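> One structure is given below, represented as structure tokens, and several questions about it will come after.
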Amino acid sequence: MLFLMNLKNKLLFFFGLWSCTMAFGQLSTYDYKQELKGISEQWHTITLPNQTFQNSNDNLSDIRIYGVTATDTIESPYILQVSSEKNSKKEIAFKLLNTTSNKDGYYFTYEVATIEAINKIDLNFNETNFNWHIVLEGSQTQNDWFKILDDYRILSVQNNQTNYTYSTLTFPESKYKYYRLLVKSEAKPELKQAVISLDGSVNASYNTYPITFMNIAQKGKKTILDIDLNQRMPISFLKLKVADEVDYYRSVKLQYISDSIQTEKGLKYTYRNLYNGTVSSIDTTGFKFTSTLAQKLRIIIQNNDNQALQIESAVAKGYTHKLLARFNNEADYYMVYGNKNASKPTYDIQQITSSIPENAPALTLGDIQEISKPKPALKRPLFENKLWLWLVMGAVILVLGWFTLRMMAKR
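Here the sequence shown stands for residues -25 to -1, 1 to 386, where the numbers follow mature numbering (1 follows the signal peptide of the UniProt record, and there is no 0).
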């Protein structure tokens, strides 16, 4: 009986040891791990730190959440939440009542079918080149008018060098039955279309990244800015601070380094396009583009025959990234990443979101730890000691000599 009990205890010990080895063996396919602290509910959020983007795949396909118990490894499902803009636009029905003019310019009066809030008017003119100032007013009776926008500038420049139009009016939400638009122009504008709408878009939540290096160079008629963020970040917004106070409209191209190779003349970089557009003194809100993991950026400004712009600084931002994860079992949980061969996970919660809470408490991440890898078994040589090799060779020679002497004796 005592023998059976000892055997049972030994089997349980070896089974537990094997389970732990398998559990940590699953984690060993990744390079980094961070402990998840403060788990108290079934659902929690985890804000991804900047270091995660430096060491993860381009599409973040290698991020996993594992719970380790004494006997098993549990994978927790999650949803990646990227705080990008949520676009929502509702067009409001209206009709043009009249068009008049006086010494100030040309008036366009509109009546909204129902009194609904609006905050945007898109104007489309037949003219391809204009530089006008706008006054927008609202009224409930057409007797008393209240200013919504005053001296608002719209612009269109189209030629061989520039193709730029800025003719959208944005303003705080307003509720009036009538709207009157004054275009300050000597000639009558050919207003082809106006679209009145309520833009209910939700702004993105950004992280601002420190720029550790910026170099500005002039090459021919181009200004080239090279920006380094020190590590890979998910970039989706860039703004240039220009010191020039004069009007400017320049074509701009934004690129990032996607790869590099070593040559005899040094590193040669491969660039990919992020954004093509215009940098202008009218619209200084910055450039928005598809979120991309990048560290080094290049901005190319086409000056044509104009004097180069004075770039003072730049601001780089990216969407905040969070994991909304579900924890069903008690365990020691880790977020792991750094696996080039990992594909994006597929979880049920990505398709069925009705039971997911809107506000889940946030977890704290522990320090980044490198995951130790099992060392590959070394193939040892058959004979590590040369003495053994000489002994074997001597024995072979003796055996061959003995057989040779026997054959000679028989003859």
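C-beta atoms are modelled at their ideal positions from N, C-alpha and C, and glycine is treated no differently.
As the structure is a prediction and not an experimental result, all values here were calculated from the model.
Contact between the region 1 to 14 and the region 306 to 320: three or more CB pairs below 8 Å?
yes
> Starting from the Cα of E333, find the closest Cα among P24, D6, Q56 and give me that residue.
Nearest C-alpha to E333: Q56.
> Indicate whether the contact test is met: 3 or more Cβ pairs, each with one atom in the region 244 to 254 and one in the region 172 to 188, closer than 8 Å.
no
> Among W377, D47, T75, A169, which one has its Cα closest to the Cα of K95?
In terms of Cα proximity to K95, the closest of W377, D47, T75, A169 is A169.
> Answer with buried or exposed for V177, where buried requires no fewer than 16 other C-beta atoms within 10 angstroms of its C-beta.
Of the other Cβ atoms in all chains shown, fewer than 16 fall within 10 Å of the Cβ of V177; this residue is therefore exposed.
> Less than 8 Å between the CB atoms is what I'm expecting for I276 and K197, so what's the real figure, rounded?
7 Å
> With DSSP as the reference, label L23 as helix, strand or coil.
coil
> What do you get for L373, buried or exposed, if any count of 16 or more other CB atoms within 10 angstroms of its CB means buried?
exposed
> Looking at S58 and T295, is the spacing between their C-beta atoms short of 8 Å?
In this structure, S58 lies closer than 8 Å to T295 by Cβ.
> Output the distance between the C-alpha atoms of T89 and L144, rounded to the nearest integer angstrom.
Note on geometry: alpha-carbon atoms of T89 and L144 lie some 20 Å from one another.
> How long is the line joining the alpha carbons of I54 and L298, rounded to whole angstroms?
6 Å
> Among the candidates I257, T103, E239, whose CA atom is the shortest distance from the CA of R128?
I257
> Using DSSP bridges, identify the partner residues of W107.
I129
> Check whether the region 215 to 235 touches the region 269 to 286, taking contact to mean three or more Cβ pairs, one atom from each stretch, closer than 8 Å.
Using a C-beta cut-off of 8 Å, the region 215 to 235 makes contact with the region 269 to 286, since at least three inter-stretch Cβ pairs fall below that distance.
> Using 8 Å for Cβ pairs, my map puts S131 next to G80. What's the rounded Cβ distance?
With a Cβ gap of about 17 Å, S131 and G80 do not count as contacting.
> Could you give the distance in angstroms between the alpha-carbon of V84 and the alpha-carbon of N118?
The sequence shown places Thr at residue 84, not Val. Their Cα atoms are separated by approximately 13 Å.
> Cα-Cα, which of A162, I232, H108 is closest to S76?
A162
> Between I38 and S318, what straight-line distance do the alpha-carbon atoms span, to the nearest angstrom?
9 Å
> By a C-beta neighbour count over all protein chains shown, 10 Å radius and 16 as the cutoff for buried, is Q230 buried or exposed?
So Q230 ends up on the buried side.
> If the criterion is Cβ atoms closer than 8 Å, does the pair G293 and S211 meet it?
Yes. Within cutoff.
> Can you tell me which of the three DSSP states D342 falls into?
coil
> At the level of alpha carbons, what is the spacing between A335 and R301?
10 Å
> Considering only heavy atoms of the ligand NAP, does any lie closer than 7 Å to the CB of A179?
Absent from the structure shown: the ligand NAP. Ligands present: none.
> Can you grab the Cα-Cα spacing for the pair residue 387 / L362, in whole Å?
Outside the displayed span of the chain (-25 to 386) sits residue 387, for which this structure offers no information.
> Going by beta carbon distance, what residues of the same chain come within less than 7 Å of N30, once the five residues before and after it are set aside?
If we look at N30 and ignore the five residues flanking it on each side, its Cβ neighbours are D6, Y7, Y312, G313.
> Since D323 and P147 are thought to touch, with beta carbons under 8 Å apart, how far apart are those beta carbons, to the nearest angstrom?
Not a contact, Cβ separation roughly 43 Å.
> The beta strand (DSSP E) spanning K65 covers which residue range?
64 to 66
> Less than 8 Å separating the beta-carbons of I171 and A291?
no
> Where does the unbroken beta strand (DSSP E) through Y224 begin, and where does it stop?
224 to 238
> Which residue wins for smallest C-alpha separation from L23, given the options Q17, T74, I40?
Taking L23 as reference, the option from Q17, T74, I40 with the minimal CA-CA separation is I40.
> Can you tell me the Cα-Cα spacing of K216 and N99, whole angstroms?
29 Å
> Can you grab the Cα-Cα spacing for the pair L375 / L366, in whole Å?
14 Å
> Classify T(-5) as helix, strand or coil using the three-state DSSP reduction.
Unreliable placement is indicated for T(-5), whose pLDDT of 44 sits below 50; no coordinate value is reported for it.
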